[in-house]
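Below: the structure, in structure tokens.
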Amino acid sequence: MLLQFAEEYARSKQLAAVFLDSRTEVIPFYERFGYSAHAALLMRKRL
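Oh and the sequence shown: position 40 is 440 in the numbering used here, straight run, nothing missing.
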């Protein structure tokens, strides 16, 4: 799975954590793999 590959790569680079940009609707998917919600807010304005 791509998610596992990314985690293994991050570990090989001795990273302490992985941050993902995600939508609210898919949070349960990532929680099944041990991820937890982290405060992030992206603002935009259409021109």
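Here a beta-carbon is modelled for each residue, glycine too, at the ideal position from N, C-alpha and C.
All of these numbers come straight from a predicted model, not from anything done at the bench.
Where does the unbroken alpha helix (DSSP H) through residue i begin, and where does it stop?
i	result
Gln-404	402 to 412
Tyr-430	427 to 431
Among the options, which one has its Cα closest to the Cα of residue i?
i	options	result
Arg-423	His-438, Ala-406, Gly-434 and Leu-447	His-438
Asp-421	Met-401, Ala-440 and Arg-446	Ala-440
Is DSSP giving residue i helix, strand or coil here?
i	result
Val-418	coil
Taking the Cβ atom as the reference point for each residue, do residue i and residue j lie within a distance shorter than 9 Å?
i	j	result
Val-418	Glu-407	yes
Phe-433	Leu-403	yes
Ignore the nearest five residues each way along the sequence and tell me which others in residue i's own chain have a CB closer than 6 Å to its CB.
i	result
Lys-413	none
Met-443	none
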